[in-house]
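Colleague: One structure coming up, written as structure tokens, with questions to follow.
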Amino acid sequence: MILTGILRHYASVMLATAPKKVDQKATREQRSLVHGISVRSNFHALSKKSFNTRRDALITAYESGAYLKAPENRGQAPPNPMTDPNAMEGMMGMMKNQMAMIIPNTLIMSWINAFFSGYVIMKLPFPLTIKFKSMLQAGVATKDMDPRWMSSISWYFLCIFGLQPVFNFLLGSDNAASQMAQQMGQMGPQAPQMFGPGVDPDKQFIGEAENIAVIEHYSVLDDVEGRLLQGIKI
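In terms of my numbering, the sequence shown opens at residue 15 and continues consecutively.
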């Protein structure tokens with residue numbers, strides 16, 4: 015398992031594509047929207063004059079499309095992600111990484127099922143409750159066996175998730191073997207990208223401008239002297 019993880023890591027390194035240079039306009043487009051969201055979320059920490067200045071500047075820039083990466087395409091439908099070379103290259107990179115994980119795991123699982131299906135290979139040295147039986151004895155249909163006994167396929171899955179500290183020690187914290195094990199263990203949805211495929215940045219900016227425009231400003235420093243004196247009043 016350790017050798018397979020090391021080979022998987024170096025295979026992923028060889029198949030990985032070189033990182034591209036970040037586009038300045040694309041970065042400005044994303045950061046400007048993040049700036050507007052930050053102003054909208056933390057307006058109470060600003061004075062009224064400071065907030066009004068920021069609000070007027072952001073609304074004017076958002077509505078005029080000053081922060082758009084491609085202002086000449088404003089009003090047009092977003093491009094099809096399947097025809098975008100950058101999106102296709104990113105999808106190919108993800109497919110390569112997934113194949114580097116799927117192929118070795120499939121081969122090893124097929125080998126274990128072919129030669130060691132139904133085998134009980136070890137006994138844990140500490141007691142366990144009956145609820146661990148289905149997890150540790152996969153492929154062994156017995157009712158009376160002690161839950162401490164572990165089947166071959168359960169031992170394989172335990173090694174996949176339990177060897178991450180070993181891979182971190184041998185290959186570093188940013189290694190492909192541990193990242194693939196983490197991907198297999200992820201059950202929740204991933205956070206969506208701000209400007210993913212099919213998302214119109216102009217509509218995002220217009221919507222954020224409307225959100226900022228309807229804010230009724232108040233400051234945490236309003237009447238702070240009175241609240242302070244009231245708090246220390248004896």
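In this text, a Cβ means the ideal position worked out from N, Cα and C, and glycines have one as well. Remember, it's a predicted structure, so these values are computed and weren't measured experimentally.
#1: Do you know how far the Cα of Gly19 is from the Cα of Ile174?
#2: Going by beta carbon distance, what residues of the same chain come within less than 7 Å of Val154, once the five residues before and after it are set aside?
#3: Take Ala227 and list the residues in its own chain whose beta-carbon comes closer than 8 Å to its own, dropping the five residues that flank it on each side.
#4: Could you tell me whether the Cβ atoms of Ser168 and Met149 are closer together than 8 Å?
#5: Three or more beta-carbon pairs under 8 Å between the segment 46-62 and the segment 216-235, yes or no?
#6: Report the start-end ranges of each alpha helix (DSSP H) in the segment 72-141 that is 4 residues or longer and not cut off at the edges.
#7: Residue range of the alpha helix (DSSP H) that Met149 falls in?
#8: Please report how far the alpha carbon of Met113 lies from the alpha carbon of Val234, in whole angstroms.
#9: Assign Met115 to buried or exposed, taking buried as 16 or more other Cβ atoms, counted over all protein chains shown, within 10 Å of its Cβ.
#10: I want to know whether the segment 177-184 touches the segment 28-40 - three or more CB-CB distances under 8 Å.
#11: Using a Cβ-Cβ cut-off of 8 Å (strictly less than) and excluding sequence neighbours within five positions of Glu77, which residues of its own chain qualify?
#12: Under the rule that 16 or more other beta-carbon atoms within 10 Å means buried, what is Gly50, buried or exposed?
#13: For Gln151, does the count of other Cβ atoms within 10 angstroms reach 16, so buried, or fall short, so exposed?
#14: Distance check for Val53 and Leu21, CA to CA, integer angstroms please.
#15: Tell me where the alpha helix (DSSP H) around Met159 begins and ends.
#16: Compute the Euclidean distance between the alpha carbons of Arg241 and Leu47, then round it to the nearest angstrom.
#17: Can you tell me whether Ser46 is helix, strand or coil according to DSSP?
#18: Leaving out five residues on either side along the sequence, give the residues of the same chain with a beta carbon under 6 Å from the beta carbon of Asn119.
#19: Which of the three DSSP states is assigned to Ala61 in this structure?
#20: Tell whether a beta-carbon distance below 8 Å holds between Lys110 and Leu29.
#21: How many angstroms separate the CA atom of Lys217 from the CA atom of Tyr81?
#22: Just verifying my parser: in three-state terms, what is the DSSP assignment at Met15?
#23: According to DSSP, is Ser52 helix, strand or coil?
#24: Helix, strand or coil, according to DSSP, for Ser13 in the structure here?
Modeller: So, to answer that:
#1: Straight through space, the alpha carbons of Gly19 and Ile174 are spaced by roughly 9 Å.
#2: Hits under 7 Å: Gly132, Val134 and Ser165.
#3: Excluding residues within five positions, the ones whose Cβ falls inside 8 Å are Arg69 and Ile73.
#4: Taking 8 Å as the Cβ cut-off, Ser168 and Met149 qualify as a contacting pair.
#5: The segment 46-62, when compared against the segment 216-235, does touch it at the 8 Å Cβ threshold.
#6: Positions of the alpha helix (DSSP H) runs, each at least 4 residues long and wholly inside the segment 72-141, are given as 99-130 in order along the chain.
#7: Boundaries of the alpha helix (DSSP H) harbouring Met149: Lys147 to Leu150, taken from the DSSP string.
#8: A direct Cα-Cα distance of roughly 53 Å separates Met113 from Val234.
#9: Per the 10 Å Cβ criterion, buried.
#10: No, the segment 177-184 is not in contact with the segment 28-40.
#11: Answer for Glu77: Phe219, Ile220 and Ala223, listed in chain order.
#12: Flag for Gly50 reads buried.
#13: Classification for Gln151: buried.
#14: The alpha-carbon atoms of Leu21 and Val53 are separated by roughly 47 Å.
#15: For Met159, no alpha helix (DSSP H) encloses it, and the DSSP letter there is neither H nor E.
#16: In this structure, the CA atom of Arg241 is about 35 Å from the CA atom of Leu47.
#17: For Ser46, the secondary structure class from DSSP, reduced to helix, strand or coil, is helix.
#18: If we look at Asn119 and ignore the five residues flanking it on each side, it has no Cβ neighbours.
#19: Per the sequence presented here, residue 61 reads as Ser, with Ala not at that position. Coil, per DSSP.
#20: For Lys110 and Leu29, yes; Cβs fall inside 8 Å.
#21: Cα-Cα distance, rounded: 12 Å.
#22: Of the three classes helix, strand and coil, the one that applies to Met15 here is coil, per DSSP.
#23: Under the three-state reduction of DSSP, Ser52 is assigned to helix.
#24: In the structure displayed, the chain extends from 15 to 248; residue 13 sits before or after that span and is not available.
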